[in-house]
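Notes follow the structure.
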Amino acid sequence: MTPSLIIVGTVALDDVKTPFGQVKNALGGSAFFAGISASYWTNVGVMAIVGPDYPSRGFETMKDRGIDVAGIEVSKEPSFHWSGEYGFDLSSAKTLKTDLNCLLSFNPDIAGVYPSVHTLFLANIDPEIQKKVIDDLPARPEIIALDTMNFWIENKREALLDVLGLVDILTINEGEARMLSGESNLISAARTISAMGPQILIIKRGEYGAMVFNRGKIFLSPAYPLESLKDPTGAGDSFAGGFLGYMASEGGKDDDTLRRGIIVGSVMASFCVSEFSSAGMENLSPLALEARLCEFSEQTNYRPVSPVFRMLGG
Ligand code: AMP
C-alpha cells in the first residue's frame, strides 16, 4: 500500500556545532527529519539518495519508525554532507560546507515507486529535482508542499520560481522569505510570495513560532517554550513533517485542519531541538506526545476578549 505521505529530499550526514556540543557524521537531511517527525502521524515513504558511506543505523532509525525506505537509492558517490554551526543565537545556522556529492546524480523515479500519491512533501533539495518529481507523477497529488532554503534561492532562483507555480503550500523561514521576495516586511513578503504560486505560505520563525498566510487569512502560532535546547538542526523539517503528517492523516487542507497541523508541527519541532540529530524524536511515547500537545493547547488558548472599552472624554 502506498504511504499517504511521500517525502522527497535529502538524507544526509551532518557535522554540527552548537554552544552545547558537537557531532560529526550525524544522521540528518531534510527528508530524514521530516520523515521521522511525520511517522508519528501517518504512513510515510522517503525518497532520497545516499552513498556507500551511509551507515546502516540511518536505515534502521527510519525503519524503526515504520518509514518505507524503498525509494532511497544507494549510489556509488558519497552521501550528501552538510556542516553547520550555531552561535548562542540559535535562530539561524551558519553553513560551513555543503558537499552535494551523490545529490548531483539524484534522478528519483517517483512514478516507479509510488505511482499514486495523496500528500507530497518536496522537502529542501534542488528545485530542479522538485519540479521533475511533480512532472513525473501521472496524477496530481491532493496536497503538494515544498520547502527550500537560502542555498537554492541564491543558486537556482529560476528553477525555484518554476516549481513554486505548481505547489499548494510553501514552508520557508523568515530570512529566506525576505530573500525570496525582496521585501523586509513579512506581510508584504507573504503577498509577493503567494503571487508566485502557493496559496498557503508558512513562515517559520524559530523560537518565535510560525506565521501562516492562507488565502488572505493569517494564523499565528508561538513555539513551544523549551528551557533546554541543544541543536536546532532539523527543526524546520520536523515542523513541516509533523504538520504534513497530520494533514495527510486528516486527508484535507481546510483552515481548521491546517491550524491544528501547525500546532502538531510546532510540538514535533520542540522534541527535535531538545537533543542532537534526531535523538529527541526517535522514541516518543504516546503519553509524552499527548502531554506536550495538551500543555501547548493550554498555553495558546484564550477566550475572545469581550468588546468592553473604557472611552475617555465621552
Ligand atoms: P533545517 O530544518 O533547516 O534545520 O534543516 C537541516 C537539514 O538540512 C540538515 O540535516 C542538512 O543535512 C539539510 N541541508 C542543509 N543544506 C541543504 C541543502 N542545500 N539542500 C537540502 N538539504 C540541506
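First residue of the sequence shown? That's 0 in numbering that gives the first Met the number 0, and the numbers climb one at a time after it.
Don't be surprised by glycine CBs; every beta carbon is placed ideally from N, CA and C.
Is any non-hydrogen atom of ligand 1 found closer than 7 Å to the C-beta of residue i, if you look at the structure I gave you?
i      : result
Ile124 : yes
Ala11  : yes
Asp88  : no
Ala247 : no
Asp236 : yes
Phe120 : no
Met148 : yes
Thr191 : no
Leu29  : First, the amino acid is wrong: residue 29 is Ser here, not Leu. Indeed, a heavy atom of ligand 1 lies less than 7 Å from the Cβ.
Trp151 : yes
Phe19  : no
Gly240 : no
Gly181 : no
Thr232 : yes
Phe105 : no
Thr170 : no
Thr60  : no
Ile32  : Just to set this straight, residue 32 is Phe in the shown sequence, not Ile. Yes, ligand 1 has a heavy atom inside 7 Å of this Cβ.
Are there 16 or more other CB atoms within 10 angstroms of the CB of residue i, so buried, or fewer, so exposed?
i      : result
Asp52  : exposed
Asn100 : buried
Ser284 : exposed
Phe308 : exposed
Asn42  : buried
Ser269 : buried
Val293 : It is worth fixing the name first, because residue 293 is Cys in this sequence and not Val. Label assigned to Cys293: exposed.
Ala314 : This structure gives no information on residue 314, because the portion of the chain shown stretches from 0 to 313.
Val272 : buried
Asp13  : buried
Met246 : buried
Asp134 : exposed
Tyr223 : buried
Ala30  : buried
Ser220 : buried
Arg64  : buried
Ser227 : exposed
Please name the residue in the options whose C-alpha comes closest to that of residue i.
i      : options                        : result
Glu289 : Asp125, Tyr39, Phe32, Phe19    : Tyr39
Ser265 : Thr299, Lys252, Asp253, Arg214 : Thr299
Ser276 : Pro2, Val10, Leu103, Ile5      : Val10
Gly20  : Thr41, Gly86, Ser248, Gly111   : Gly86
Met0   : Ala69, Asp230, Pro18           : Ala69
Ile35  : Ile133, Met246, Ile6, Gly164   : Ile6
Lys203 : Phe218, Thr60, Thr191, Met195  : Phe218
Leu159 : Met178, Ser187, Ile142         : Met178
Gly28  : Thr17, Thr97, Pro2             : Thr97
Val166 : Asn184, Ser187, Ile201, Asn282 : Ile201
Asn154 : Leu145, Ile142, Glu127, Ile168 : Glu127
Leu103 : Gly111, Arg64, His80           : His80
Thr60  : Pro197, Glu297, Gly279, Gly312 : Gly279
Ile261 : Asp63, Ser296, Val73, Glu84    : Ser296
Gly251 : Ala189, Asp67, Asp63, Glu141   : Glu141
Ile71  : Ser183, Glu84, Gly50           : Gly50
Phe168 : Lys131, Met195, Thr17          : Here residue 168 is Ile; the residue named in the question, Phe, does not match the sequence. Out of Lys131, Met195, Thr17, Met195 has the C-alpha closest to the C-alpha of Ile168.
How about residue i: is its Cβ closer than 7 Å to a heavy atom in ligand 3?
i      : result
Ser284 : The model on display carries ligand 1 but not ligand 3.
| Are the segment 89 to 97 and the segment 114 to 126 touching by the rule of at least three beta carbon pairs closer than 8 Å? | no
| query | Is the segment 172 to 186 close to the segment 143 to 155, with three or more CB pairs under 8 Å? | reply | yes
| task | Indicate whether the contact test is met: 3 or more Cβ pairs, each with one atom in the segment 35 to 50 and one in the segment 98 to 111, closer than 8 Å. | result | yes
| query | For the 8 Å Cβ check, are there 3 or more pairs between the segment 249 to 269 and the segment 202 to 217? | reply | yes
| message | Would you call the segment 236 to 254 in contact with the segment 119 to 130, where contact means no fewer than 3 C-beta pairs closer than 8 Å? | response | yes
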